[in-house]
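> One structure is given below, represented as structure tokens, and several questions about it will come after.
Numbering (full-length UniProt numbering), first residue to last: 1 to 118.
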């Protein structure tokens, strides 16, 4: 999620979370996740805000299944940006570390969009 997501990216992130509440393979888990999302809707106004929300919800799931919580203060360092530059920031001119597209090549995404399969 870019630092400053567009409105469409914000809608897409919220829609992704909403889909997960319905397609998660474990029905009981999907219902629990759906309840968590209803009580605490996704925070999608910025990349850091969305990552903190994801961590917070993940820790609620961890507590339910008896796993230790993850230190949400470490989210940004644990899941650092991919280094996709302009593509990652959602704007022209860069903003990530390294050359534009450096990290995105692994994922097949970037300013030119996803690679087509042959």
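Each residue gets a CB set at the ideal place from its N, CA and C atoms; glycine is no exception.
Alpha carbon to alpha carbon, how far is residue 13 from residue 69?
Distance between the alpha carbons of residue 13 and residue 69: 23 Å.
> If you reduce the DSSP assignment to three classes, tell me which class residue 122 lands in.
Any property of residue 122 remains undetermined from this structure, which presents the chain solely from 1 to 118.
> Would the stretch 19-26 and the stretch 58-67 be scored as touching if the rule is three or more Cβ pairs under 8 Å?
The stretch 19-26, when compared against the stretch 58-67, does not touch it at the 8 Å Cβ threshold.
> Which residues mark the beginning and the end of the alpha helix (DSSP H) in which residue 70 is found?
Here residue 70 belongs to no alpha helix (DSSP H), and DSSP marks it neither H nor E.
> Exposed or buried, what is residue 17 when buried is set at 16 or more other beta-carbons lying within 10 Å of its beta-carbon?
So residue 17 ends up on the buried side.
> Do residue 5 and residue 44 have their C-beta atoms closer together than 9 Å?
Yes, Cβ-Cβ distance for residue 5 and residue 44 is below 9 Å.
> Which same chain residues end up closer than 7 Å to residue 30 when comparing Cβ atoms and leaving out the 5 residues on each side of it in sequence?
21, 22, 24, listed in sequence order.
> Let me know the secondary structure DSSP gives residue 77 once reduced to three states.
Helix, per DSSP.
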